[in-house]
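K.L.:
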Amino acid sequence: MRIRGTTKVAMVIGHPITHTLSPVMHNVAFKALGLDGCYIALDIDPKGLGDFIKGLKATNILGVNVTIPYKEMVIEYLDELSEEAKVLNTVNTIKIADEKLIGYNTDVFGFERCLEGIDISKRSAFVIGAGGASKAVTYALCRLNINRLYITNRTEERTQSLIGFLNSLFRRNVQSIPFGQWNIIEAPDIIVNTTPIGMKGIGGEIEIPSHMIKRDAIVIDLVYNPPKTTFLEVAERLGARIQNGIKMLVYQGAASFKIWTGIDPPIEEMEKAVQEYL
Ligand code: NAP
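Under this note's numbering, residue 278 is the last one in the sequence shown; the count climbs by one each step, no gaps.
Given below as structure tokens:
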């Protein structure tokens, strides 16, 4: 990659930011498409966030991804929001267009792509966690017409608040399951871990009773480091179809790339780059 005077810059902002995988996949996409662009990670101190976002209008920056802890905080500085960003009150992508800053949420799209081609309208899903990622995942499941949705979280109030949010938007059968008492429901068709349990540096293990994981169930762990958590290993052994968090990560990144450039990036090459990096 050659950086020139004409090179357009995209970036991810967060605090801290060194853990991000976004530069790995986006730079591969620029290179594969022969585009004169590059992607960097920028650590922004909280006290400078507002000035930084407002200042974007005065630059030729191609686009910005936003990660923890700024996904909600950036909203007050933006001019417009996509439907998903508005509803979820969370922005992970900013486009600078015609003197306007437009916020998007591509996590919903990223998760929907993980279930592409599967009709879930007669299926049940069990989601572990009720944080930001769970909000995008459960919103996507409801939008895809899931038949029954069970949510469990260590902090019960957060589950109730998420269920309230989903009920205000959709007419779905959503139920709270006490954390750890998961055998009170029948084995679901789809299981999604949206907590960092099992992640490198965090540790722990999702201990789900084996009869809860049926053969051919779709089991998704949003954790991508390690690529196969113990939870996924167990699910695979029991005959489930497993997916780690790389697909969602790459699909949400690809959607951001398209928002900025209008071009569909090479998903497979981006995924391979992330896998090799990990
Ligand atoms: P968040 O808003 O902070 O929510 C974290 C969730 O995990 C909460 O429900 C929290 O429960 C639960 N949790 C955390 N530690 C726990 C523990 N030790 N035991 C039980 N529950 C625990 O974070 P987030 O943005 O949702 O992100 C969650 C995970 O998803 C992270 O690992 C992140 O890397 C991953 N993620 C992946 C993708 C992808 O594209 N693959 C996208 C987004 C996020 P409490 O409410 O009780 O605290």
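Glycine is no exception: its CB is placed at the ideal position from the N, C-alpha and C atoms.
If distances are taken between C-alpha atoms only, which option among I68, V274, Q175 and T138 comes closest to I17?
P.N.:
Taking the first residue of the sequence shown as 1, we reach residue 17 at position 17. Nearest C-alpha to I17: I68.
K.L.:
Can you tell me the Cα-Cα spacing of R123 and P188, whole angstroms?
P.N.:
Working through the sequence shown from its first residue, we reach residue 123 at position 123. Working through the sequence shown from its first residue, we reach residue 188 at position 188. When rounded, the distance between both Cα atoms is 8 Å.
K.L.:
Please indicate yes or no: does the CB of S134 lie closer than 7 Å to some heavy atom of the ligand NAP?
P.N.:
Against the sequence shown, residue 134 aligns to sequence position 134. Under cutoff, so the answer is yes.
K.L.:
How about the region 243 to 250 and the region 216 to 235: do they share at least three Cβ pairs that are nearer than 8 Å?
P.N.:
Contact holds: three or more Cβ-Cβ distances are below 8 Å.
K.L.:
Taking the C-alpha atoms as reference points, what is the distance between E271 and M25?
P.N.:
Along the sequence shown, read from residue 1 onward, the residue named residue 271 stands at position 271. Along the sequence shown, read from residue 1 onward, the residue named residue 25 stands at position 25. If you take the alpha carbons of E271 and M25, they lie about 7 Å apart.
K.L.:
To the nearest angstrom, report how far apart D36 and D51 are at their CA atoms.
P.N.:
As a first step, residue 36 must be located in the sequence shown, where it is residue number 36. As a first step, residue 51 must be located in the sequence shown, where it is residue number 51. One C-alpha to the other measures close to 27 Å.
K.L.:
Here's the rule I'm using: 16 or more other beta-carbon atoms within 10 Å means buried, otherwise exposed. How should G129 be labelled?
P.N.:
Along the sequence shown, read from residue 1 onward, the residue named residue 129 stands at position 129. Per the 10 Å Cβ criterion, buried.
K.L.:
Name the DSSP beta bridge partners of R148, please?
P.N.:
Position 148 of the sequence shown, counting from 1, holds the residue named residue 148. Paired residues: S124 and N173.
K.L.:
Could you round the C-beta distance between T328 and I259 to whole angstroms and report it? I think they count as a contact, below 8 Å.
P.N.:
Nothing about residue 328 can be read from this structure; the chain reaches only from 1 to 278.
K.L.:
What number of angstroms, rounded off, separates the C-alpha of E233 from the C-alpha of I96?
P.N.:
Locating residue 233 in the sequence shown gives position 233, where the first residue counts as 1. Locating residue 96 in the sequence shown gives position 96, where the first residue counts as 1. The alpha-carbon atoms of E233 and I96 are separated by roughly 42 Å.
K.L.:
According to DSSP, is M1 helix, strand or coil?
P.N.:
Counting from 1 along the sequence shown, the entry for residue 1 is found at position 1. Correct three-state label for M1: coil.
K.L.:
Compare the C-alpha of C114 against each of R237, S82 and M248 and name the closest.
P.N.:
Position 114 of the sequence shown, counted from the first residue, corresponds to residue 114. That would be M248, whose Cα lies nearest to the Cα of C114.
K.L.:
Which residue's Cα is closest to the Cα of I163: I191, V192 and V127?
P.N.:
Against the sequence shown, residue 163 aligns to sequence position 163. Of I191, V192 and V127, the residue nearest in Cα terms is V127.
K.L.:
Starting from the N-terminal side, write out each stretch of the alpha helix (DSSP H) that is 4 residues or longer and does not extend beyond the region 155 to 203.
P.N.:
156 to 169, all fully within the region 155 to 203.
K.L.:
The ligand NAP heavy atoms versus the CB of M25: any closer than 7 Å?
P.N.:
Translated into positions along the sequence shown, residue 25 becomes position 25. Not so, every heavy atom of the ligand NAP lies at least 7 Å from the Cβ.
K.L.:
Which residue's Cα is closest to the Cα of A254: V28, I13, I3 and G14?
P.N.:
On the sequence shown, residue 254 is found 254 positions in, with the first residue counted as 1. Residue V28 is the option with its Cα nearest to A254.
K.L.:
Can the beta-carbon of G198 be found closer than 8 Å to that of T159?
P.N.:
Here residue 198 refers to the residue found at position 198 of the sequence shown. Here residue 159 refers to the residue found at position 159 of the sequence shown. For G198 and T159, no; Cβs fall outside 8 Å.
K.L.:
Mind checking A58: buried by the 16 CB within 10 Å criterion, or exposed?
P.N.:
For the purposes of this step, residue 58 is taken as residue 58 along the sequence shown, with counting starting at 1. Its Cβ having fewer than 16 others within 10 Å, A58 is exposed.
K.L.:
Mapping the DSSP letters down to three states, classify E138 as helix, strand or coil.
P.N.:
Position 138 of the sequence shown, counting from 1, holds the residue named residue 138. In the sequence under discussion, the amino acid at residue 138 is Thr, which differs from the Glu named in the question. Helix, per DSSP.
K.L.:
Helix, strand or coil for N27 per DSSP?
P.N.:
Within the sequence shown, numbered from 1, the residue matching residue 27 stands at position 27. Three-state result, N27: helix.
K.L.:
Measure from the C-beta of L169 to each C-beta in chain D and report whether the shortest distance is under 8 Å.
P.N.:
No chain D appears in this structure, which consists of one protein chain only.
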